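Engineer:
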Ligand code: HEM
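In our numbering, the protein residues as written are 11 to 506.
1) Grouping DSSP H, G and I as helix and E and B as strand, with all else coil, what is residue 439?
2) Tell me the rounded alpha-carbon separation between residue 90 and residue 80.
3) Can you tell me whether DSSP reads residue 394 as helix, strand or coil?
4) Out of 445, 224 and 321, point me to the one whose CA is closest to residue 494's CA.
5) If we ignore side chains and look at the alpha-carbon of each, how far apart do residue 488 and residue 310 end up?
6) By a C-beta neighbour count over all protein chains shown, 10 Å radius and 16 as the cutoff for buried, is residue 264 buried or exposed?
7) Give the straight-line distance between the Cα atoms of residue 350 and residue 122, rounded to the nearest whole angstrom.
8) Do residue 363 and the ligand HEM come close, with the Cβ less than 7 Å from some heavy atom?
9) Going by DSSP, which residues form a beta bridge with residue 118?
10) Let me check one thing: in DSSP terms, what residues is residue 55 bridge-paired to?
11) Quick check on residue 103: buried or exposed, where buried means 16 or more other Cβ atoms within 10 Å of its Cβ?
12) Taking C-alpha atoms, which residue in 243, 207 and 205 lies nearest to residue 223?
13) Residue 494 by DSSP, collapsed to three states: which one?
14) Can you grab the Cα-Cα spacing for the pair residue 324 / residue 501, in whole Å?
15) Sorry if obvious, but does the Cβ on residue 115 come closer than 7 Å to a heavy atom of the ligand HEM?
16) Which same chain residues, not among the five before or five after residue 63, have their C-beta less than 6 Å away from its C-beta?
17) Given residue 41, which residues of its chain have a CB within under 6 Å of its CB, disregarding the five upstream and five downstream residues?
18) In its own chain, which residues sit with a C-beta less than 8 Å from the C-beta of residue 170, not counting the 5 before and 5 after it?
19) Over the uninterrupted beta strand (DSSP E) stretch that includes residue 97, give me the two end residues.
20) Distance, Cα to Cα, residue 298 vs residue 183?
21) Use the C-beta contact count for residue 115: other C-beta atoms within 10 angstroms, 16 or more gives buried, fewer gives exposed.
22) For residue 96, tell me which candidate among 67, 140, 54 and 125 has the shortest Cα-Cα distance.
23) Say yes only if the C-beta of residue 154 is nearer than 7 Å to one or more non-hydrogen atoms of the ligand HEM, and no if none qualify.
24) With the cut-off set at 8 Å, would you say residue 149 and residue 279 are in Cβ contact?
25) Suppose contacts are defined by Cβ-Cβ distances below 8 Å. Is residue 317 in contact with residue 466 by that definition?
26) Counting C-beta neighbours from all protein chains within 10 Å, is the total for residue 235 16 or more, i.e. buried, or is it exposed?
27) Heavy atom of the ligand HEM less than 7 Å from the Cβ of residue 307, yes or no?
28) Jot down the residue ranges of each uninterrupted alpha helix (DSSP H) in the region 224-273, minimum 4 residues, whole runs only, in chain order.
29) Rounding to the nearest angstrom, what Cα-Cα distance links residue 126 and residue 179 in this structure?
30) Alpha carbons only, please: which of 69, 59, 250 and 457 is nearest the one belonging to residue 83?
31) What residue ranges within the region 287-354 form continuous alpha helix (DSSP H) runs of no fewer than 4 residues, ordered along the chain?
32) On the DSSP bridge assignment, give the partners of residue 180 in chain order.
33) How is residue 109 classed by DSSP in three states: helix, strand or coil?
34) Rounded to whole angstroms, what is the Cα-Cα separation between residue 239 and residue 227?
35) Taking the alpha carbon of residue 337 as the reference point, which residue from 87, 352 and 99 has its own alpha carbon closest?
36) When burial is assigned at 16 or more other CB atoms within 10 Å of the CB, is residue 186 buried or exposed?
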């Protein structure tokens with residue numbers, strides 16, 4: 011073979027390869043600028059619209075208005091509040107990828123979330139610099155990883171058994187209240203630790219209740235430091251909690267006592283700068299942040315799950331049948347593998363959370379202009395400085411993703427359908443997505459499954475209250491009012 015052929019062939023291939031890369035870059039640049047030229051501002055709903063929508067806003071809240079605007083204007087639209095402030099809504103997986111995934115330098119959490127600073131404390135999350143808050147949240151993520159949660163199932167089951175052992179043979183209860191109570195006991199045991207659970211549960215849960223009730227009102231979102239009585243109650247509760255956790259952490263450190271809970275994992279971690287552990291203030295703040303993000307949401311989700319299941323005979327019967335089968339196979343024992351076998355129950359919970367998402371809106375601040383493309387092929391430019399919001403409630407009911415989206419149908423998530431997966435990333439956003447995706451999703455499903463499998467195995471229920479309305483006036487909406495149910499004790503195994 012001619013010895014010059016090989017080098018010549020190699021250089022020809024290299025030239026062709028380089029030319030292709032250059033053409034691709036130029037083509038992309040042109041395509042992007044063509045897109046940029048074609049992009050325009052999203053359609054705007056302005057002052058006249060807002061005045062017309064006021065009665066609906068006051069009587070039914072924001073969601074029906076967003077639903078109508080989405081139907082009328084499409085998946086990207088702006089609400090202009092009398093020209094003073096513009097808020098752009100992005101709805102559906104086609105237009106929310108950047109919203110969820112963009113780096114902090116392009117999209118960040120809004121100033122409005124700073125209402126959490128007096129709740130979590132100074133130097134924690136939104137009050138910390140970006141690198142520190144990232145480390146703090148990473149620690150929460152690590153502590154809530156699936157492999158870390160295995161050991162919590164047994165204490166969860168114990169808390170649930172002990173709590174419902176207090177019910178009589180039959181009776182009438184506010185199920186929403188009962189679920190909130192048992193979830194708080196689980197949180198005390200698994201997150202806050204033995205000391206709180208065994209010695210100061212009532213005190214700590216009353217303080218947390220006061221902190222969240224007084225610190226997350228609509229007025230607080232706008233003016234978190236307004237000197238009003240509820241803010242004073244918030245600050246007093248936070249100060250008392252700070253003292254309690256300071257003592258607990260100090261005594262853990264001094265005694266060298268080791269427990270298996272999230273508090274211990276946080277104390278032990280040396281994830282902060284220069285390998286230091288979190289200080290007492292940070293530990294208290296992170297625990298409060300987890301409870302703030304996880305308690306009300308889990309309590310709403312498990313209540314909605316009850317309301318949906320108890321009002322759909324067919325799915326209730328199938329969920330009970332699944333429990334009978336599992337009891338037949340494993341007896342009463344519950345562990346992670348058995349919980350994973352509860353596919354039907356998992357779908358029933360997921361569907362309740364799709365229809366009644368405890369976080370209806372996710373909000374961000376735009377730091378760098380970006381362009382979105384809708385399903386219909388329109389390009390819209392979202393400018394720097396604007397507030398962007400995704401409505402989880404509207405996004406979770408898009409008819410091109412979910413068949414009959416207003417009907418409770420857990421099987422949509424079952425084998426062969428999996429409508430959320432078919433719909434693509436960000437088709438199901440009840441737990442957010444991307445950079446700030448909920449780290450507590452697995453934990454939330456575990457505890458709701460532990461509670462509901464126990465209830466289905468041990469009680470027969472009947473809803474007494476009508477199907478609940480949504481709390482439309484809350485930032486984290488749940489079912490409105492009490493959820494009265496009657497119950498009768500039963501043993502599933504005995505009835506098979
Ligand atoms: C059904 C129950 C739950 C729902 C529906 C839910 C929903 C969400 C959503 C939508 C977000 C994203 C917020 C955003 O992007 O701005 C989020 C974030 C978060 N959730 Fe959950 N959550 C639940 C349970 C929990 C639990 C049990 C915990 C902890 C034990 C938890 C801890 C957190 C934390 C720490 C964040 C902040 C993550 C970050 O900013 O990077 N959540 N959750």
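Cβ coordinates follow ideal geometry from the N, Cα and C atoms, glycine included. Since the structure is predicted, the reported quantities are computational estimates derived from the model, not experimental observations.
Structural biologist: With the structure as the only source:
1) For the purposes of this step, residue 439 is identified with residue 429 of the chain shown, where counting begins at 1. Looking at residue 439 - three-state DSSP - the assignment turns out to be coil, as it is neither helix nor strand.
2) Translated into positions along the chain shown, residue 90 becomes position 80. Translated into positions along the chain shown, residue 80 becomes position 70. Approximately 15 Å, taken between the alpha carbons.
3) Against the chain shown, residue 394 aligns to sequence position 384. When DSSP states are grouped into helix, strand and coil, residue 394 belongs to the coil group.
4) As a first step, residue 494 is located in the chain shown; it is residue number 484 there, counting from the start. The candidate whose alpha carbon is nearest that of residue 494 is 321.
5) The residue labelled residue 488 in the question sits at position 478 within the chain shown. The residue labelled residue 310 in the question sits at position 300 within the chain shown. Cα-Cα distance, rounded: 5 Å.
6) Position 254 of the chain shown, counted from the start, is the residue given in the question as residue 264. Exposed: under 16 other Cβ atoms inside 10 Å.
7) Within the chain shown, numbered from 1, the residue matching residue 350 stands at position 340. Within the chain shown, numbered from 1, the residue matching residue 122 stands at position 112. Taking the straight line from one Cα to the other gives about 38 Å.
8) Taking the first residue of the chain shown as 1, we reach residue 363 at position 353. Yes - the ligand HEM has a heavy atom lying nearer than 7 Å to the Cβ of residue 363.
9) Numbered from 1 along the chain shown, position 108 holds the residue referred to as residue 118. Bridge partners of residue 118 according to DSSP: 375.
10) As a working note, residue 55 is residue 45 in the chain shown. According to DSSP, which records beta bridges pairwise, residue 55 is partnered with 89.
11) On the chain shown, position 93 is the one that residue 103 refers to. Result: buried.
12) For the purposes of this step, residue 223 is taken as the residue at position 213 of the chain shown. Nearest to residue 223 by C-alpha distance, out of 243, 207 and 205, is 243.
13) Stepping through the chain shown from its first residue, residue 494 is reached at position 484. If DSSP states are grouped into helix, strand and coil, residue 494 belongs with the strands.
14) The residue given as residue 324 occupies position 314 in the chain shown. The residue given as residue 501 occupies position 491 in the chain shown. Answer to the nearest angstrom: the Cα atoms are 20 Å apart.
15) The residue given as residue 115 occupies position 105 in the chain shown. No, since every heavy atom of the ligand HEM falls outside the 7 Å radius drawn around the Cβ of residue 115.
16) Counting from 1 along the chain shown, the entry for residue 63 is found at position 53. These residues qualify, in order along the chain: 75.
17) Position 31 of the chain shown, counted from the first residue, corresponds to residue 41. Caution is warranted here: a pLDDT of 48 is assigned to residue 41, below 50, making its placement in the model unreliable, and the coordinate value is therefore given only provisionally. The beta carbon of residue 41 sits closer than 6 Å to no other beta carbon from its chain once the five residues preceding and following it are set aside.
18) Mapped onto the chain shown, residue 170 falls at position 160. If the five residues before and after residue 170 are omitted, its C-beta is found closer than 8 Å to the C-beta atoms of 192, 196, 460, 461 and 464, all from its own chain and listed in chain order.
19) Working through the chain shown from its first residue, we reach residue 97 at position 87. Residue 97: member of the beta strand (DSSP E) spanning 95-100, first to last residue.
20) By one-based count along the chain shown, residue 298 stands at place 288. By one-based count along the chain shown, residue 183 stands at place 173. Looking at the two C-alpha atoms, the distance is approximately 29 Å.
21) Numbered from its first residue, the chain shown carries residue 115 at position 105. Residue environment: residue 115 is assigned as exposed (fewer than 16 neighbouring CB atoms within 10 Å of its CB, all protein chains considered).
22) Sequence index remark: in the chain shown, residue 96 carries index 86 (1-based). When only C-alpha atoms are compared, the closest one is 54.
23) Within the chain shown, residue 154 is the residue found at index 144, counting from 1. Flag set: Cβ of residue 154 near the ligand HEM.
24) As a working note, residue 149 is residue 139 in the chain shown. As a working note, residue 279 is residue 269 in the chain shown. In terms of Cβ geometry, residue 149 and residue 279 form a close pair [threshold 8 Å].
25) Taking the chain shown and counting its residues from 1, one reaches residue 317 at position 307. Taking the chain shown and counting its residues from 1, one reaches residue 466 at position 456. At the C-beta level, residue 317 and residue 466 stay beyond 8 Å of one another.
26) Here the question's residue 235 lines up with position 225 in the chain shown. Exposed, since its Cβ has fewer than 16 Cβ neighbours within 10 Å.
27) The sequence position of residue 307 within the chain shown is 297, counting from 1. Annotation for residue 307 indicates a beta carbon within 7 Å of some heavy atom of the ligand HEM.
28) Here the runs fully enclosed are 228-232 and 239-265.
29) Residue numbering aside, residue 126 sits at position 116 when the chain shown is read from its first letter. Residue numbering aside, residue 179 sits at position 169 when the chain shown is read from its first letter. Their backbone Cα atoms lie some 43 Å apart in a straight line.
30) Residue mapping note: residue 83 aligns to position 73 of the chain shown, counting from 1. Comparing alpha carbon positions, the residue from 69, 59, 250 and 457 closest to residue 83 is 59.
31) Secondary structure in the region 287-354: the alpha helix (DSSP H) runs of 4 residues or longer, each lying completely within the stretch, are 290-320, 323-340 and 346-351 in chain order.
32) By one-based count along the chain shown, residue 180 stands at place 170. The beta-bridge partner set that DSSP reports for residue 180 consists of 498.
33) Taking the first residue of the chain shown as position 1, residue 109 is located at position 99. Of the three classes helix, strand and coil, the one that applies to residue 109 here is helix, per DSSP.
34) Against the chain shown, residue 239 aligns to sequence position 229. Against the chain shown, residue 227 aligns to sequence position 217. So the alpha carbons of these two residues sit roughly 12 Å apart.
35) Along the chain shown, read from residue 1 onward, the residue named residue 337 stands at position 327. Looking at the Cα atoms, 352 is the closest of the given residues.
36) For the purposes of this step, residue 186 is taken as residue 176 along the chain shown, with counting starting at 1. Per the 10 Å Cβ criterion, buried.
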